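Worksheet for the structure shown next.
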Amino acid sequence: MIKISIKGLIEVFSKLPNLGPSSSRRLVLHLLRNKEKTMIPLSQYIIALAEQIVSCQFCGNFDVISPCNICQDKKRNQKSLCVVEDLGDLWAFERGGIYSGLYHVLGGTLSAIDGVGPESLNLDGLRDRITLNGVEEVIIATNATLDGQVTAHYITELIKGSGAKVSRLACGIPIGGEIDYLDEGTLKAALVSRHEVES
Ligand code: ZN
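Mapping of the sequence shown onto this note's numbering: residues 477 to 675, in sequence order.
Now the structure itself:
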């Protein structure tokens with residue numbers, strides 16, 4: 477049983493991104509003042525979501541069902557696969573409404589410094605997914621960072637000979653830039669001007 481205190485909740489919130497101690501205090505104060513209307517529904521929602529959330533068996537996206545809603549959507553282009561590092565990148569494409577194919581979420585990038593090898597990423601099913609579903613184009617949309625580029629190169633080698641055309645996002649993404657932080661216009665420009673990878 478966790479020892480409960482108001483201070484403890486403030487500390488939990490302080491560990492979240494973009495929330496320092498003072499904004500956490502204000503947040504907890506708001507919750508305490510709105511126990512019935514906000515605090516209880518919020519806590520119930522978080523618990524329910526935590527219990528139901530699953531990683532999609534095909535693409536690695538998070539949803540309350542597997543296959544996820546995107547993989548189940550027959551209106552989407554089943555022959556196009558966009559490989560992204562992270563869930564936030566998938567959300568960035570979806571926010572922009574600029575891509576209507578399917579995704580493959582890696583769950584990170586290869587990193588020599590952090591000791592992340594291919595076995596740590598969602599790569600196992602990628603090649604089979606491409607061949608079994610007759611995917612015609614794979615868009616590698618990893619970040620324009622060094623690790624992102626190394627990962628893109630690894631994937632290009634991994635899926636060589638699978639029959640799919642491989643392309644990468646082109647201009648628009650600044651060097652060192654992360655997809656999740658781009659505005660929709662920049663991301664759209666990068667997607668439209670993607671180029672085929674020599675293989
Ligand atoms: Zn899925």
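Note that CB positions come from ideal geometry on N, CA and C, so glycine has one too.
Quick caveat: nothing in here was measured; it's all calculated off a predicted structure.
Inter-residue Cα distance where the pair is residue i and residue j
i	j	result
K550	S576	11 Å
K555	I589	35 Å
D623	G653	12 Å
Q446	P594	Any question about residue 446 goes unanswered here, given that the chain covers just 477 to 675.
G583	S498	32 Å
H671	R502	48 Å
Reduced DSSP secondary structure (H/G/I, E/B, other) of residue i
i	result
G653	coil
L586	coil
V668	helix
N510	coil
V488	helix
Cβ pair residue i, residue j closer than 8 Å
i	j	result
I606	S643	no
T514	L505	no
N537	L492	no
L557	V611	yes
L602	H580	yes
E561	N494	no
L663	G572	yes
In DSSP terms, what residue i is bridged to
i	result
I615	C558 and S643
Y579	C558
D539	V530
N553	G577
V592	S587
beta-carbon residue i near ligand 1 non-hydrogen atom, thresh 7 Å
i	result
N537	yes
I546	yes
F534	yes
P543	yes
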